[in-house]
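Chains as they are written, first to last, in our numbering: chain A, 119 to 500; chain B, 57 to 283.
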Amino acid sequence: MPNLDTGAAVAAPTDARIHALDHLRALAMLAGVLFHAALAYSPLMHAFWPTAYRASSPWVDALAWLLHLVRMPLFFLVAGYFTTWLIERRGMTGLMQHRVRRILVPFLLAWPLVHVAMSAATRQAAHTVQNPSPFLSMLREWLALPDSPWMPPGTGHLWFLYYLLLFTALVWIARTLGWSGLFIRLLRLGAARVALLLPLLVLPGFLLTTTPHPAPESLLPQFWAVALYGPFFALGAALHGRLDTLQRLRRWLWPMLATCLLLYLAFLFQLSRFGNEDWMRHAPWSTALLQACIAGWGTLAILVAGLRWLARPNAWLAYLSRSAYWTYLLHLPVLFAVQYALLDVALAWPIAFLVASGITLAVCLLSYELLVRRTRLRHWVG
Amino acid sequence: MNRELNWPTIRLLIVKDWQLFQKQLAAYLLAAFVALAFLGLAKPWAFYIGSLLLIIILVAVACFAISTSLLTERKEQTLAFVMSLPVSPLDFTVAKLVGNLATFLVPFVIIGLCTALVIFSTPLPNGLMVLTTLVFAHILLAYCVSLAVAMRIESEGWNTFVMIASMVMINPFLMAIGQLHGVSGVARGDAITWSGPVLAILSAQLVLSLSCLAFAAWWNGRKPAFY
Numbered sequence: 119m120p121n122l123d124t125g126a127a128v129a130a131p132t133d134a135r136i137h138a139l140d141h142l143r144a145l146a147m148l149a150g151v152l153f154h155a156a157l158a159y160s161p162l163m164h165a166f167w168p169t170a171y172r173a174s175s176p177w178v179d180a181l182a183w184l185l186h187l188v189r190m191p192l193f194f195l196v197a198g199y200f201t202t203w204l205i206e207r208r209g210m211t212g213l214m215q216h217r218v219r220r221i222l223v224p225f226l227l228a229w230p231l232v233h234v235a236m237s238a239a240t241r242q243a244a245h246t247v248q249n250p251s252p253f254l255s256m257l258r259e260w261l262a263l264p265d266s267p268w269m270p271p272g273t274g275h276l277w278f279l280y281y282l283l284l285f286t287a288l289v290w291i292a293r294t295l296g297w298s299g300l301f302i303r304l305l306r307l308g309a310a311r312v313a314l315l316l317p318l319l320v321l322p323g324f325l326l327t328t329t330p331h332p333a334p335e336s337l338l339p340q341f342w343a344v345a346l347y348g349p350f351f352a353l354g355a356a357l358h359g360r361l362d363t364l365q366r367l368r369r370w371l372w373p374m375l376a377t378c379l380l381l382y383l384a385f386l387f388q389l390s391r392f393g394n395e396d397w398m399r400h401a402p403w404s405t406a407l408l409q410a411c412i413a414g415w416g417t418l419a420i421l422v423a424g425l426r427w428l429a430r431p432n433a434w435l436a437y438l439s440r441s442a443y444w445t446y447l448l449h450l451p452v453l454f455a456v457q458y459a460l461l462d463v464a465l466a467w468p469i470a471f472l473v474a475s476g477i478t479l480a481v482c483l484l485s486y487e488l489l490v491r492r493t494r495l496r497h498w499v500g
Numbered sequence: 057m058n059r060e061l062n063w064p065t066i067r068l069l070i071v072k073d074w075q076l077f078q079k080q081l082a083a084y085l086l087a088a089f090v091a092l093a094f095l096g097l098a099k100p101w102a103f104y105i106g107s108l109l110l111i112i113i114l115v116a117v118a119c120f121a122i123s124t125s126l127l128t129e130r131k132e133q134t135l136a137f138v139m140s141l142p143v144s145p146l147d148f149t150v151a152k153l154v155g156n157l158a159t160f161l162v163p164f165v166i167i168g169l170c171t172a173l174v175i176f177s178t179p180l181p182n183g184l185m186v187l188t189t190l191v192f193a194h195i196l197l198a199y200c201v202s203l204a205v206a207m208r209i210e211s212e213g214w215n216t217f218v219m220i221a222s223m224v225m226i227n228p229f230l231m232a233i234g235q236l237h238g239v240s241g242v243a244r245g246d247a248i249t250w251s252g253p254v255l256a257i258l259s260a261q262l263v264l265s266l267s268c269l270a271f272a273a274w275w276n277g278r279k280p281a282f283y
């Protein structure tokens, strides 16, 4: 996930904890690229994903959905932390100026470009690919209709920018109405109680949407996305200056990870029993609760692990962190173009996955070096 | 009489009104998010709740903007303090008009843009923009009438009556424009057509709104003293 809100453009990280959070964000970014690349080989997504490949494996689902349950909650938690960090250094006006320059402007510029690039690549693939995915086959039929159906515009994979803007506005609202201390009071209950309460706080988010949860790409705010990611963002915002609160969770790190894995196995078992119509319904209570526990405890466990093992400066992770924003903005159109081209090439799925994600990361990092790192663009997306 | 405006003090008075308005603005924005999220559920009942909530917010913005900066100020005797500042009645009038318009128009424009976003980004017929524009123009007119009355008349009872009456008029207004084919017919389709009667109503609403503001400015501005 990008470093758009760490304030990395403001000042270099000054303490070990910010290094840890920067590194976590870099790894979460990488996880995002790999997750999107992996969906082409997921049996679960085969019918819906535009670049679904002819070869797939249940192992992809087993790993990808675990990643899906923790990477965005972790991103929003880190984003919340750095939002408070920015407010303390620059004030609310400074935060707003930062958000306009680093989020609103890149979003408004990247959104149409990404939309046009992905639409063009998908239409081209629908016309030319010999072994189309089920989605491309359907699109081919749609495009052949005299009055082809119209898809409402969405934010695509840039939805996280939209929600960061939304959460920034909610931060201002909470501070103006005097509600900003709610999560700080929650932290005073102690780390163990926060860990127990967190799944309950995010449970409504999972209950209000389908399983696995989709990307909230609509231009209108979605209740479930605010209910799911909002508590993580608020917790991150409250944790600024209070990371010591999590120290007590260190001894629970391995039990938390083990519990998450066990719960995840139960979640996969439930997914395997889903019927065709279950994909369109809201999650049942038991599935939503499992997801809430995995997302809540998994995110806290990764945060504690990051604070323990990623707190030292690391040149590679620092580079990934700096290039993360650009990489994340660019990766999906590049990935789709590569994966569309691979649809007509018969490869084992792990090879296709490595080729697609390798080329995508190479293009993103090379373009970062050439177009962003040493140019003025770095102030916006570097 | 010196008719030169004291802009630095006028600016301070506007900023004062704006700062007092922050909490209300935050509450309106929060309510607008909730309304948009209801609309985002894409269900008929949620659409009804969301659009109703947006209209309630607009009416609340219009009424509370006037109530906070004019009526409450009178009750709390803030005018006596303002009179101690180096401002003329004209300065005070300009500050009140601009401050009030800012506190109303900022949420009004935000909600208007959000509504347009809803119409254009969802399967709702784009023709709804015509009806929506007329409704927004009605609320603008009701606000301008209420503001002009609040600046002219000090009676709290009359002000409350005018605010409620002008806003409640949205019901017969909706019924009346619903009879026009240029509104009801267009609202079901995707083409946005501004027919002659629609443009005439819109023009009348805008001219009346501006006239109310001009009258309020002229009436208060020509006063030689605060009382």
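Heads up, the beta-carbon is just placed ideally off N, CA and C, and yes, glycines get one too.
Residue i at chain A interface by Cβ criterion, 8 angstroms
i: residue 174/B; result: yes
i: residue 96/B; result: yes
i: residue 93/B; result: yes
Close Cβ partners of residue i (< 7 angstroms) along its chain, the five nearest in sequence each way excluded
i: residue 493/A; result: none
i: residue 486/A; result: 441, 444, 445
i: residue 199/B; result: 118, 160
i: residue 208/B; result: 272, 275
i: residue 422/A; result: 364, 367, 368, 371
Closer than 8 angstroms at the beta carbon, the chain A residues around residue i
i: residue 87/B; result: Ordered by position in chain A, no residue passes the 8 angstroms Cβ test against residue 87/B, which lies about 10 angstroms from the chain.
Bridge partners - residue i, DSSP secondary structure assignment
i: residue 150/A; result: DSSP, once it has assigned bridges, lists no residue as partnering residue 150/A.
i: residue 123/B; result: For residue 123/B, which the question treats as bridged, DSSP gives no partner whatsoever.
i: residue 336/A; result: 272/A
Where residue i meets chain B, residues with beta-carbon distance less than 9 angstroms
i: residue 351/A; result: What residue 351/A touches in chain B: nothing, since even the nearest Cβ is about 14 angstroms away.
8 angstroms Cβ cut-off: residues of chain B touching residue i
i: residue 339/A; result: 89, 92, 93, 96
i: residue 287/A; result: 85, 89
Amino acids of chain A, ordered along the chain, whose beta-carbon sits closer than 9 angstroms to that of residue i
i: residue 177/B; result: 270, 271, 272, 336, 337, 338
Min CB distance residue i to chain B below 8 angstroms
i: residue 516/A; result: Look at the range of chain A in this structure, 119 to 500, and you will see that residue 516/A is not part of it.
i: residue 344/A; result: yes
i: residue 291/A; result: yes
i: residue 360/A; result: no
i: residue 125/A; result: Its pLDDT being 42, under 50, residue 125/A is placed unreliably by the model, and nothing is read from it.
Neighbouring residues, chain B, relative to residue i (Cβ below 7 angstroms)
i: residue 294/A; result: 78, 79, 82
Residues of its chain near residue i, where Cβ-Cβ distance is below 6 angstroms and the 5 sequence neighbours each way are ignored
i: residue 77/B; result: 159
i: residue 165/A; result: 252
i: residue 346/A; result: 320, 323
i: residue 156/A; result: 178, 182
i: residue 449/A; result: 151, 478, 482
i: residue 196/B; result: 265
Own chain partners of residue i with C-beta closer than 8 angstroms, once the 5 adjacent residues on each side are dropped
i: residue 498/A; result: 219, 220, 223, 224
i: residue 214/A; result: 286, 290
Any non-hydrogen atom of the ligand ADP within 7 angstroms of residue i CB
i: residue 221/B; result: The ligand content of the structure shown is nil, which means the ligand ADP is not present either.
Residue span of the alpha helix (DSSP H) that contains residue i, given as start and end
i: residue 443/A; result: 433-460
i: residue 229/A; result: 223-246
i: residue 131/B; result: 128-131
i: residue 278/A; result: 277-294
i: residue 185/B; result: 184-208
i: residue 486/A; result: Careful: residue 486/A lies outside any alpha helix (DSSP H) and carries neither H nor E.
i: residue 249/A; result: Unbroken run through residue 249/A: none, as it is neither H nor E.
i: residue 156/B; result: 145-177
i: residue 62/B; result: Per DSSP, residue 62/B belongs to no alpha helix (DSSP H) and is neither H nor E.
Any C-beta of chain D under 8 angstroms from that of residue i
i: residue 256/B; result: The chain labelled as chain D is not found among the protein chains of the depicted structure, namely A and B.
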